[in-house]
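Protein chains in written order, with my numbering: chain A, 541 to 857; chain B, 2 to 290.
Each residue gets a CB set at the ideal place from its N, CA and C atoms; glycine is no exception.
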Amino acid sequence: MRSYLSFEQPLAELDAKIEELRAVGDKGGAVAIGDDLARLEAKSQKALVDLYSNLTPWQKAEVARFKARPHCLDYVAGLIEEFTPMAGDRSFGEDAAIVCGFGRFRGQAICVMGQEKGSDTETRLKHNFGMPKPEGYRKATRLMELADRFGLPCVAFVDTAGAFPGIEAEARGQAEAIARSTEACLQLGAPSVSVIIGEGGSGGAIAIAATNKVLMLEHAIYSVISPEGASSILWRDSAHAQEAATAMRITAQDLVKFGIVDAIVPEPLGGAHRDPAAAIAATGKALDEAFAQLSNLTPDQAREARAERFLAIGRKI
Amino acid sequence: MNWISNVVPPRIRSLLRRETPENLWVKCPESGQLVFHKDLEANQMVVPGSGHHMPIAPKARCGFLFDGGRFDELPLPEVPSDPLKFRDIKRYSDRLKEYRAKTGAPDSILLAQGEIEAVPFTVALHDFRFQGGTLGLAAGEAIIAGMAAAVEKRTPFAMFAASGGARMQEGAFSLMQLPRTTVAVRRLRAAGLPYFVVLTNPTTGGVTASYAMLGDVQIAEPGAVIGFAGARVIEQTIRERLPDGFQRAEYLRDHGMVDMVTPRHEIRPTLARMARILMNRPTPSADAA
Numbered sequence: 541m542r543s544y545l546s547f548e549q550p551l552a553e554l555d556a557k558i559e560e561l562r563a564v565g566d567k568g569g570a571v572a573i574g575d576d577l578a579r580l581e582a583k584s585q586k587a588l589v590d591l592y593s594n595l596t597p598w599q600k601a602e603v604a605r606f607k608a609r610p611h612c613l614d615y616v617a618g619l620i621e622e623f624t625p626m627a628g629d630r631s632f633g634e635d636a637a638i639v640c641g642f643g644r645f646r647g648q649a650i651c652v653m654g655q656e657k658g659s660d661t662e663t664r665l666k667h668n669f670g671m672p673k674p675e676g677y678r679k680a681t682r683l684m685e686l687a688d689r690f691g692l693p694c695v696a697f698v699d700t701a702g703a704f705p706g707i708e709a710e711a712r713g714q715a716e717a718i719a720r721s722t723e724a725c726l727q728l729g730a731p732s733v734s735v736i737i738g739e740g741g742s743g744g745a746i747a748i749a750a751t752n753k754v755l756m757l758e759h760a761i762y763s764v765i766s767p768e769g770a771s772s773i774l775w776r777d778s779a780h781a782q783e784a785a786t787a788m789r790i791t792a793q794d795l796v797k798f799g800i801v802d803a804i805v806p807e808p809l810g811g812a813h814r815d816p817a818a819a820i821a822a823t824g825k826a827l828d829e830a831f832a833q834l835s836n837l838t839p840d841q842a843r844e845a846r847a848e849r850f851l852a853i854g855r856k857i
Numbered sequence: 002m003n004w005i006s007n008v009v010p011p012r013i014r015s016l017l018r019r020e021t022p023e024n025l026w027v028k029c030p031e032s033g034q035l036v037f038h039k040d041l042e043a044n045q046m047v048v049p050g051s052g053h054h055m056p057i058a059p060k061a062r063c064g065f066l067f068d069g070g071r072f073d074e075l076p077l078p079e080v081p082s083d084p085l086k087f088r089d090i091k092r093y094s095d096r097l098k099e100y101r102a103k104t105g106a107p108d109s110i111l112l113a114q115g116e117i118e119a120v121p122f123t124v125a126l127h128d129f130r131f132q133g134g135t136l137g138l139a140a141g142e143a144i145i146a147g148m149a150a151a152v153e154k155r156t157p158f159a160m161f162a163a164s165g166g167a168r169m170q171e172g173a174f175s176l177m178q179l180p181r182t183t184v185a186v187r188r189l190r191a192a193g194l195p196y197f198v199v200l201t202n203p204t205t206g207g208v209t210a211s212y213a214m215l216g217d218v219q220i221a222e223p224g225a226v227i228g229f230a231g232a233r234v235i236e237q238t239i240r241e242r243l244p245d246g247f248q249r250a251e252y253l254r255d256h257g258m259v260d261m262v263t264p265r266h267e268i269r270p271t272l273a274r275m276a277r278i279l280m281n282r283p284t285p286s287a288d289a290a
């Protein structure tokens, strides 16, 4: 049974009719069903194309957050061979909201990190819904420093609503942990690439996304604050999230124009959740291309190119 | 409220108020005591009796910070204004106009160079009055320019933070100021120059998640609210009451997040002393000072 997003309701109704017809057909129904079925299927396909070629920023936020969307560990499983997860920040604890480890991408040894949201109640709780605490960012910092010592490139799969807002997170220095992790990204001598696969939620995202290249999935979002948060602060009520999503320009299509994102990874028709394998394969191809463009950099050049990439943002619009 | 405020129309009321001594007296939010505004200003906006630290405007602070109150203001880089053509209940471009008129500054950062106890310093100060001292393209670019000026003149750099965080009206451009300013901090470090951060009330959000927490020496003013997530957001998320003094300067010190909580009057000698020590320069003799 396919699950539908709220704005996909007309599509869901069409698909339900198609299913009904098929059931009738299977029971050995009339000849005319074949034609009706083909017509409805074409209609459903067209509706899907129309819907997904004109998603509003708010609808993209819904797609980006959709539970059925592939998450960090799906990308790791699909793209990283010999993945060996590593745990802990060596001073306080282990934070499963950020997955870190080493492995190989297309044969190249690589450091991997990313926020994991989880795929069912149990794993969502385990990974704290992909909202990292300071120890998560400190683990990422530790692994980036380790990768740097061995000259290994880094890849980050970014998917978080934001860093966890909690008493302990503040007491243990959430802000400082994010700042140091961002700094560790900028310090890397080997090439680094990040992919916003779902939600790029503010500081909690940038902490692992200050990379040489920043890729973004076609329907992912990347933002300084959630549309809901912006609505309650700027409009002083929660009813303007859709407006805020539009006004803040959170889509890959806008961010590429601004030079904040380098390239868009195309998603299968109807979003990554309709064909996770295709989305993951497209991401692998885009990562491969991005790393190929960075392959000849010396450590100083990699650092300098990364610094200049970020400094150039916003100087000319 | 007294009977006159109920009877007199608002316009006349504001005229009346200007004439009353009310405005000449400032109430301490901590102790409730009334302080004559000139006494408060002369005391660096610290309430003489209670020691409560009131907000201080960047230029006024520079007047107390630098030797003889002398400093050069550095020009701020030009940046694209309102990159998203943003509008909420108001146009962002109109908000900018209002804050510029109110503060006389182009955005939320003031850059200054001068000497502190004869040690040349480059300083950046957030102006909380300018849209909550928020961090957008203009502020980010100004901080980068300030840090570059310190590298060029080979001076230590001090950042006086007071900010509500990222400027939402600039969307991802404001978020990009986190890595951008961090690049500038790294260049300061690479040049071997000390970086001081003075956290003042309040410093929150994206500003703390970048340059404001990356200082070599982290100083906080007493009672300042400092934190990443807003207290209200935390309360809504965890549905618990926050502990007393949560996210205050003293709380951060007790949790190992800042080196010291330093009263405003002590910041000038602390900066000068630590700059001399970190740069291994001699202590000035008593008669020279």
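Should R71 (chain B) be labelled buried (16 or more other beta-carbon atoms within 10 Å of its own) or exposed? Within the second sequence, residue 71 (chain B) is the residue found at index 70, counting from 1. A residue is called buried when at least 16 other Cβ atoms come within 10 angstroms of its Cβ; R71 (chain B) does not meet this threshold and is exposed.
In chain order, which beta strand (DSSP E) runs of at least 3 residues are fully inside the segment 623-670 of chain A? Listed in chain order, the complete beta strand (DSSP E) runs (minimum 3 residues) inside the segment 623-670 of chain A are 638-645 and 648-655.
Going along chain A, which residues have a C-beta under 8 angstroms from A150 (chain B)? By 1-based counting over the second sequence, the position of residue 150 (chain B) is 149. For A150 (chain B), there are no C-beta contacts with chain A under 8 angstroms, since the nearest C-beta of that chain is about 15 angstroms from it.
Taking CB distances under 8 angstroms as the criterion, tell me whether F87 (chain B) reaches chain A. Counting from one through the second sequence, the residue named residue 87 (chain B) turns up at place 86. Put simply, the CB of F87 (chain B) is near chain A, with a gap under 8 angstroms to one of its CB atoms.
G565 (chain A) (DSSP reduced to helix, strand or coil): Within the first sequence, residue 565 (chain A) is the residue found at index 25, counting from 1. DSSP, read as helix, strand or coil, puts G565 (chain A) in helix.
Examine chain A for any beta-carbon lying closer than 8 angstroms to the beta-carbon of R181 (chain B), and answer yes or no. In the second sequence, residue 181 (chain B) corresponds to position 180, counting from 1. Chain A, which has a Cβ nearer than 8 angstroms to the Cβ of R181 (chain B), makes this yes.
Cα separation between A852 (chain A) and F37 (chain B)? One-based indexing of the first sequence puts residue 852 (chain A) at position 312. One-based indexing of the second sequence puts residue 37 (chain B) at position 36. In a straight line, the C-alpha of A852 (chain A) is about 48 angstroms away from that of F37 (chain B).
Let's test the definition: count the other Cβ atoms within 10 Å of the Cβ of L25 (chain B) and tell me whether it reaches 16, buried, or not, exposed. Walking along the second sequence from the start, residue 25 (chain B) turns up at place 24. Exposed: under 16 other Cβ atoms inside 10 Å.
With a threshold of 8 angstroms between beta-carbons, can A125 (chain B) be considered close to chain A, or not? For the purposes of this step, residue 125 (chain B) is taken as residue 124 along the second sequence, with counting starting at 1. Not an interface residue.
Report the option in B:G207, B:C63 and B:G172 whose CA atom is closest to the CA atom of S864 (chain A). Beyond the ends of chain A as shown, which are 541 and 857, falls residue 864 (chain A); an answer cannot be given.
Chain D partners of T238 (chain B), CB-CB under 7 angstroms? Among the chains of the structure shown, chain D does not appear; the protein chains present are A and B.
From this set, B:G147, B:T238 and B:T135, which residue's C-alpha is nearest A163 (chain B)'s C-alpha? Along the second sequence, one-based indexing puts residue 163 (chain B) at 162. Checked all of B:G147, B:T238 and B:T135; the closest Cα to A163 (chain B) is B:T135.
Taking the runs of the beta strand (DSSP E) that are 3 residues or longer, which of them lie wholly in the segment 248-274 of chain B? Qualifying beta strand (DSSP E) stretches: none in this window.
M684 (chain A) lies in the alpha helix (DSSP H); which residues open and close that run? The count along the first sequence starts at 1 and reaches residue 684 (chain A) at position 144. Its alpha helix (DSSP H) spans residues P674 to R689.
Using a C-beta to C-beta distance shorter than 8 angstroms, which residues of chain A count as neighbours of P84 (chain B)? Within the second sequence, residue 84 (chain B) is the residue found at index 83, counting from 1. Within 8 angstroms Cβ-Cβ: F798, G854 and I857.
Ends of the alpha helix (DSSP H) at A139 (chain B)? In the second sequence, the residue the question calls residue 139 (chain B) occupies position 138. Counting along the chain, the alpha helix (DSSP H) containing A139 (chain B) begins and ends at L138 to K154.
Roughly how many whole angstroms lie between the Cα atoms of A715 (chain A) and E685 (chain A)? In the first sequence, residue 715 (chain A) corresponds to position 175, counting from 1. In the first sequence, residue 685 (chain A) corresponds to position 145, counting from 1. Each residue's alpha carbon lies about 19 angstroms from the other.
Taking only beta-carbon positions, decide if L243 (chain B) is within less than 8 angstroms of chain A. Against the second sequence, residue 243 (chain B) aligns to sequence position 242. For L243 (chain B), the closest Cβ of chain A is nearer than 8 angstroms.
Paired residues, beta bridge with F697 (chain A) - DSSP: The residue given as residue 697 (chain A) occupies position 157 in the first sequence. Answer by DSSP bridge pairing, in chain order: A:G654 and A:V735.
For L545 (chain A), count neighbouring Cβ atoms within 10 angstroms of its own Cβ and tell me buried if that reaches 16, exposed if not. Counting from one through the first sequence, the residue named residue 545 (chain A) turns up at place 5. A residue is called buried once 16 or more other Cβ atoms fall within 10 Å of its Cβ, and L545 (chain A) is buried on that count.
According to DSSP, simplified to helix, strand and coil, what is Y196 (chain B)? Here residue 196 (chain B) corresponds to residue number 195 of the second sequence, with the count starting at 1. In the displayed model, Y196 (chain B) falls within a strand according to three-state DSSP.
Alpha carbon to alpha carbon, how far is E602 (chain A) from G115 (chain B)? Here the question's residue 602 (chain A) lines up with position 62 in the first sequence. Here the question's residue 115 (chain B) lines up with position 114 in the second sequence. The alpha-carbon atoms of E602 (chain A) and G115 (chain B) are separated by roughly 52 angstroms.
Kindly indicate which three-state DSSP category H53 (chain B) falls into: helix, strand or coil? Residue numbering aside, residue 53 (chain B) sits at position 52 when the second sequence is read from its first letter. H53 (chain B) falls in the coil class under three-state DSSP.
Starting from the Cα of A745 (chain A), find the closest Cα among B:P223, B:H54, B:M177 and B:M214 and give me that residue. Counted from its first residue, the first sequence places residue 745 (chain A) at position 205. Looking at the Cα atoms, B:M177 is the closest of the given residues.
Around the Cβ of F690 (chain A), are there at least 16 other Cβ atoms within 10 angstroms (buried) or fewer (exposed)? On the first sequence, position 150 is the one that residue 690 (chain A) refers to. Exposed is the call here.
Kindly indicate which three-state DSSP category I853 (chain A) falls into: helix, strand or coil? Your numbering for residue 853 (chain A) matches position 313 in the first sequence. Residue state for I853 (chain A) is assigned as coil, using DSSP reduced to three classes.
Name the chain B residues whose beta carbon is nearer than 8 angstroms to that of L774 (chain A)? The sequence position of residue 774 (chain A) within the first sequence is 234, counting from 1. The answer, in chain order, is D89, I90, M169 and Q170.
Do R190 (chain B) and G141 (chain B) count as a contact pair if the criterion is CB distance below 8 angstroms? In the second sequence, the residue the question calls residue 141 (chain B) occupies position 140. In the second sequence, the residue the question calls residue 190 (chain B) occupies position 189. Taking 8 angstroms as the Cβ cut-off, G141 (chain B) and R190 (chain B) do not qualify as a contacting pair.
CB-CB under 6 angstroms to Y677 (chain A), same chain, minus the five flanking residues each way: which ones, in chain order? Numbered from its first residue, the first sequence carries residue 677 (chain A) at position 137. If the five residues before and after Y677 (chain A) are omitted, its C-beta is found closer than 6 angstroms to the C-beta atoms of A717, I718, S721 and A747, all from its own chain and listed in chain order.
For V120 (chain B), which residues does DSSP report across the bridge? Mapped onto the second sequence, residue 120 (chain B) falls at position 119. V120 (chain B) is bridged by DSSP to B:I117.
Determine contact between the segment 140-155 of chain B and the segment 57-71 of chain B, defined as no fewer than three beta-carbon pairs at a distance below 8 angstroms. The segment 140-155 of chain B makes no contact with the segment 57-71 of chain B; the number of CB pairs closer than 8 angstroms stays below 3.
Please report how far the alpha carbon of P30 (chain B) lies from the alpha carbon of T205 (chain B), in whole angstroms. Reading the second sequence from its first residue, position 29 is the one you call residue 30 (chain B). Reading the second sequence from its first residue, position 204 is the one you call residue 205 (chain B). Their backbone Cα atoms lie some 21 angstroms apart in a straight line.
For D660 (chain A), tell me which candidate among A:G702, A:K607, A:Q782 and A:G628 has the shortest Cα-Cα distance. By 1-based counting over the first sequence, the position of residue 660 (chain A) is 120. Relative to the Cα of D660 (chain A), the nearest Cα in the group A:G702, A:K607, A:Q782 and A:G628 belongs to A:K607.
Roughly how many whole angstroms lie between the Cα atoms of K583 (chain A) and E553 (chain A)? The residue given as residue 583 (chain A) occupies position 43 in the first sequence. The residue given as residue 553 (chain A) occupies position 13 in the first sequence. Cα to Cα, the separation comes out at about 12 angstroms.
Counting Cβ pairs, one atom from each stretch, are 3 or more of them under 8 angstroms apart for the segment 62-80 of chain B and the segment 223-238 of chain B? Too few Cβ pairs lie closer than 8 angstroms, so no.
Does the distance from the CB of A903 (chain A) to the CB of L757 (chain A) come in under 8 angstroms? Residue 903 (chain A) lies beyond the residue range present for chain A, which begins at 541 and ends at 857; the question has no answer from this structure.
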